[in-house]
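Asker:
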Amino acid sequence: MSGQQQLPMYKSFGCSAFAACTAEMLTIPIDTAKVRLQLQTTPLGEVPKYKGMFGTMTTVAKEEGVASLWKGIGPGLHRQCLFGGLRIGLYEPVKKIYMGDRAGEAPMHLKIAAGLTTGALAISIASPTDLVKVRMQAEGKLAEGTPKKYPSAVKAYGIIAKEEGIAGLWTGIGPNIARNAIINAVELASYDEVKTALMKAGLSDGIPCHLLSGLGAGFFACIFGSPVDVVKSRVMGDRSGRDNGGVD
């Protein structure tokens, strides 16, 4: 990101949204497995239904069909258009604002501040899409024969708003902001740092550099964001109202 000519805001948003949607389509089976594992509650002494990422994906595909691994792809794409476009598209402009008149590479604390800001802002807008995605992914764990509550993403928004109020679409907003602000800050700041280090080491600014920077950023984001991600999925996936916050 650093050291390059900055794209206009609309181009940055469009490229970021497109890249995020592409990644969503490729990785949503893994995300579905993650949500099932996070929402799984196994009584003491019983064997858990879902075991590990690949085991969970295999179980879901065998019991519900391979297409079920892409459950929630609709709201997932809605989410990435908004969240992915805003969090990445706004990162450089916000970082530039925080830099002010200072020249050169932005210090780490300003990169983190910019990532926290854009992550929190983006998910505040996109949180309803995240809620619907988790609810639709979670429906697959219902007992066989139990009718599905959400026939489609578009209808799900209406059903939730009608039954839980408009504010219900922002259920879990607290842990969701915490999760996405943390992940966004760690991901974008570490991407910047890893990329700068690789280029200083002699790697040219090309696809290998971007891939290695992305792998490093994803690793750090996962480590720091995983605990609050579990809380977010539990709160959003629960319809009973028992989990109504992130700090109980």
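So for the sequence shown, the UniProt record's numbering puts the first residue at 1; every next one is plus one. Note that CB positions come from ideal geometry on N, CA and C, so glycine has one too. Fair warning: this is a prediction, and the values are worked out from it, not measured in the lab.
1. How would you label G202, buried or exposed, when you count the other beta carbons within 10 angstroms and need 16 or more for buried?
2. Are V231 and P175 touching if we call contact CB-CB under 8 angstroms?
3. Cβ of I160 within 8 angstroms of Cβ of G172?
4. Thinking I183 and G225 are a contact (beta carbons under 8 angstroms), I'd like their distance in whole angstroms, please.
5. Straight-line CA distance for G218 to E187?
6. What residue from E24, V132 and R135 has the CA that sits closest to residue 268's CA?
7. Between the alpha carbons of N180 and T146, how many angstroms are there, rounded?
8. Just checking: is the beta-carbon of Q137 within a distance shorter than 8 angstroms of some beta-carbon in chain E?
9. With A120 as the anchor, note down where its alpha helix (DSSP H) starts and where it stops.
10. To the nearest angstrom, how far is it from the Cα of S213 to the Cα of A185?
11. For S12, which residues of its own chain have a beta-carbon under 6 angstroms away from its beta-carbon, when the five flanking residues on both sides are left out?
12. Using 10 angstroms around the beta-carbon of L77, count the other beta-carbons present and answer buried if the total reaches 16, otherwise exposed.
13. Closest to T196 by CA distance: which of S127, D229, G104 and A113 is it?
14. So Q38 is in the alpha helix (DSSP H); what residue range does that whole segment cover?
15. For E139, count neighbouring C-beta atoms within 10 Å of its own C-beta (all shown protein chains included) and say buried if the count is 16 or more, exposed if not.
16. In angstroms, rounded to a whole number, what distance separates the CA positions of R234 and L39?
17. Tell me which residue opens and which closes the alpha helix (DSSP H) that I88 is part of.
18. Which runs of the alpha helix (DSSP H) fall wholly inside the stretch 170 to 229 and span at least 4 residues, in chain order?
19. Are there 16 or more other CB atoms within 10 angstroms of the CB of I112, so buried, or fewer, so exposed?
20. Is the stretch 46 to 60 touching the stretch 96 to 110 in the sense that three or more CB pairs, one from each, lie closer than 8 angstroms?
21. Quick check on D31: buried or exposed, where buried means 16 or more other Cβ atoms within 10 Å of its Cβ?
Answerer: In short:
1. Position 202 of the sequence shown, counted from the first residue, corresponds to residue 202. Result: exposed.
2. Residue mapping note: residue 231 aligns to position 231 of the sequence shown, counting from 1. Residue mapping note: residue 175 aligns to position 175 of the sequence shown, counting from 1. Yes, they are a contact pair.
3. Working through the sequence shown from its first residue, we reach residue 160 at position 160. Working through the sequence shown from its first residue, we reach residue 172 at position 172. For I160 and G172, no; Cβs fall outside 8 angstroms.
4. Along the sequence shown, read from residue 1 onward, the residue named residue 183 stands at position 183. Along the sequence shown, read from residue 1 onward, the residue named residue 225 stands at position 225. 4 angstroms between Cβ atoms; contact.
5. As a working note, residue 218 is residue 218 in the sequence shown. As a working note, residue 187 is residue 187 in the sequence shown. Those two C-alpha atoms are separated by around 6 angstroms.
6. Since the first and last residues shown for the chain are 1 and 248, residue 268 lies out of range.
7. Here the question's residue 180 lines up with position 180 in the sequence shown. Here the question's residue 146 lines up with position 146 in the sequence shown. Approximately 33 angstroms, taken between the alpha carbons.
8. You won't find chain E in this structure, because it holds only one protein chain.
9. Within the sequence shown, numbered from 1, the residue matching residue 120 stands at position 120. That run of the alpha helix (DSSP H) goes M108 to A138.
10. If you number the sequence shown from 1, residue 213 lands on position 213. If you number the sequence shown from 1, residue 185 lands on position 185. Their backbone Cα atoms lie some 15 angstroms apart in a straight line.
11. Taking the sequence shown and counting its residues from 1, the one referred to as residue 12 is at position 12. Hits under 6 angstroms: G89.
12. The residue labelled residue 77 in the question sits at position 77 within the sequence shown. The residue in question, L77, is buried, as its Cβ has 16 or more Cβ neighbours within 10 Å.
13. Mapped onto the sequence shown, residue 196 falls at position 196. Checking every option, the nearest Cα to that of T196 belongs to G104.
14. The sequence position of residue 38 within the sequence shown is 38, counting from 1. Counting along the chain, the alpha helix (DSSP H) containing Q38 begins and ends at M9 to L39.
15. The sequence position of residue 139 within the sequence shown is 139, counting from 1. Flag for E139 reads buried.
16. By 1-based counting over the sequence shown, the position of residue 234 is 234. By 1-based counting over the sequence shown, the position of residue 39 is 39. So the alpha carbons of these two residues sit roughly 6 angstroms apart.
17. Walking along the sequence shown from the start, residue 88 turns up at place 88. Taken as a continuous stretch (DSSP letters only), the alpha helix (DSSP H) holding I88 covers G85 to G89.
18. 173 to 200
19. Along the sequence shown, read from residue 1 onward, the residue named residue 112 stands at position 112. It counts as buried.
20. no
21. Within the sequence shown, the letter at position 31 stands for residue 31. Looking at its Cβ environment, which holds 16 or more other Cβ atoms inside 10 Å, D31 is buried.
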